[in-house]
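Asks:
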Amino acid sequence: MSRPTESRAWVPVAPTWEHDPEDKEAWRRVVAMPSLAFNRVEMELFEGVGGRSVCVLGVGEGLAPLALAAMGAKVLVVDPTYSLLDLLMVRTQVVGVDIQYLAVELTDLTGVRDGSTRFCYAAQAGIQLQDLGAFYSEAFRILMPGGRFVVNEYHPFRRIWKPESGAPRIARSYFERRQEKIELDSPTPANPAGMLGRYEYHWTLSDHVHFLVSAGFDIRALEEVGEIRQRWELPNLRGLPEQLILAADKPE
């Protein structure tokens with residue numbers, strides 16, 4: 115397994131993370147430039163993915179599975195939402211890559227065999243998961259020994275602020291794991307599917323580490339990347355990390 119860069123310098127987020135939400139064509143470009151979908155740390159963690167099996171857990175914006183397929187990976191996308199899978203299916207046909215699909219809950223990956231995939235990838239999935247431990251345990255189950263799980267989450271520090279312009283004001287405790295959703299959310303890179311049920315879930319950094327270790331993983335990388343204010347963020351959060359990147363390997 116490759117290791118991420120040893121440099122502790124600031125690493126920017128992937129270019130598509132910064133894209134204008136009105137830009138509807140990023141999915142067309144990502145197959146020609148897969149690095150648009152991933153930051154530098156993720157690209158290093160996916161070294162050697164060509165020809166390997168990858169299970170993408172959650173469609174999100176659909177950029178990651180398209181990029182991985184363009185990199186030569188054998189991609190299976192799992193998501194409980196048929197409409198998102200249908201949209202991705204159409205896009206794969208347009209851009210000419212091959213992806214398989216499975217509609218099941220992310221915490222119960224029925225239909226995915228034990229030890230059947232070399233890589234798993236999940237981006238911004240935590241917000242919809244009531245049981246993060248079950249999710250990580252299922253990822254561990256379907257990975258083959260020596261397989262790698264790469265997780266990208268909108269950094270937990272950025273989820274606690276009031277959605278208003280001006281100086282940031284705290285809306286809730288960092289340790290409040292569940293919040294009832296009052297209004298429909300517009301899709302953003304941090305919540306690409308928009309409304310995902312009655313509640314959204316806020317998992318702390320320590321939660322991610324705890325549940326990965328409890329599932330049996332060896333954590334190989336924990337990186338915080340990006341620090342600018344995104345155009346879709348109302349408070350100015352410049353200086354706070356934008357993304358949490360975790361890589362966890364299943365022991366051989």
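Start counting at 1 in the sequence shown, then tack on 114, and there's your number in my numbering.
From the three backbone atoms N, C-alpha and C, an ideal C-beta is built for every residue, glycine too.
(1) Identify every residue that forms a DSSP beta bridge with Lys-188.
(2) Around the C-beta of Phe-289, are 16 or more other C-beta atoms found within 10 angstroms, so that it is buried, or is it exposed?
(3) Of the residues Thr-302, Pro-126 and Tyr-250, which one's Cα is nearest the Cα of Gly-176?
(4) Applying the 10 Å Cβ sphere with the 16-neighbour rule, what's the burial state of Arg-205?
(5) Who pairs with Trp-275 in a beta bridge, going by DSSP?
(6) Does the distance from the CB of Ala-217 to the CB of Leu-171 come in under 8 Å?
(7) Taking three-plus beta-carbon pairs below 8 Å as touching, is the stretch 342 to 362 in contact with the stretch 273 to 282?
(8) Looking at the strands, I want to know which residues DSSP matches up with Leu-182.
(9) Would Asn-305 and Ile-241 qualify as a contact pair, given that the criterion is a beta-carbon distance under 8 Å?
(10) Skipping 5 residues on each side, what residues in its chain have a beta carbon closer than 7 Å to that of Arg-343?
(11) Mind checking which residues open and close the alpha helix (DSSP H) that includes Gln-207?
(12) Tell me the DSSP secondary structure of Glu-252 in three-state form.
(13) Can you list, in chain order, the residues of its chain with a C-beta nearer than 6 Å to that of Val-226? Leave out the 5 residues immediately preceding and following it.
(14) Report buried or exposed for Ser-320, applying the criterion of at least 16 other Cβ atoms within 10 angstroms of its Cβ.
(15) Does Ala-219 come out as helix, strand or coil in the three-state DSSP assignment?
Replies: Well, looking at it:
(1) Here the question's residue 188 lines up with position 74 in the sequence shown. In the DSSP output, where bridge partners are listed per residue, Lys-188 has Ser-167.
(2) Taking the first residue of the sequence shown as 1, we reach residue 289 at position 175. With fewer than 16 other Cβ atoms within 10 Å, it is exposed.
(3) Position 62 of the sequence shown, counted from the first residue, corresponds to residue 176. That would be Thr-302, whose Cα lies nearest to the Cα of Gly-176.
(4) By one-based count along the sequence shown, residue 205 stands at place 91. Looking at its Cβ environment, which holds 16 or more other Cβ atoms inside 10 Å, Arg-205 is buried.
(5) By 1-based counting over the sequence shown, the position of residue 275 is 161. Paired residue(s): Ile-284.
(6) As a position in the sequence shown, residue 217 is number 103, starting the count at 1. As a position in the sequence shown, residue 171 is number 57, starting the count at 1. The answer is no: Cβ separation not under 8 Å.
(7) yes
(8) For the purposes of this step, residue 182 is identified with residue 68 of the sequence shown, where counting begins at 1. The partner list for Leu-182 (beta bridge, DSSP) is empty, contrary to what the question assumes.
(9) In the sequence shown, the residue the question calls residue 305 occupies position 191. In the sequence shown, the residue the question calls residue 241 occupies position 127. Yes. Within cutoff.
(10) Taking the first residue of the sequence shown as position 1, residue 343 is located at position 229. For Arg-343, the CB contacts under 7 Å within the same chain, skipping 5 residues up- and downstream, are Asn-350, Leu-351 and Arg-352 in chain order.
(11) Residue mapping note: residue 207 aligns to position 93 of the sequence shown, counting from 1. If you look at Gln-207, you'll find it in the alpha helix (DSSP H) that goes 196 to 209.
(12) Looking up residue 252 in the sequence shown gives position 138. Note: Glu-252 maps to helix in three-state DSSP.
(13) The sequence position of residue 226 within the sequence shown is 112, counting from 1. Excluding positions up to five away in sequence, the list reads Ile-256.
(14) In the sequence shown, residue 320 corresponds to position 206, counting from 1. Burial call: exposed.
(15) Taking the first residue of the sequence shown as 1, we reach residue 219 at position 105. Just to set this straight, residue 219 is Glu in the shown sequence, not Ala. Coil at Glu-219, not helix or strand.
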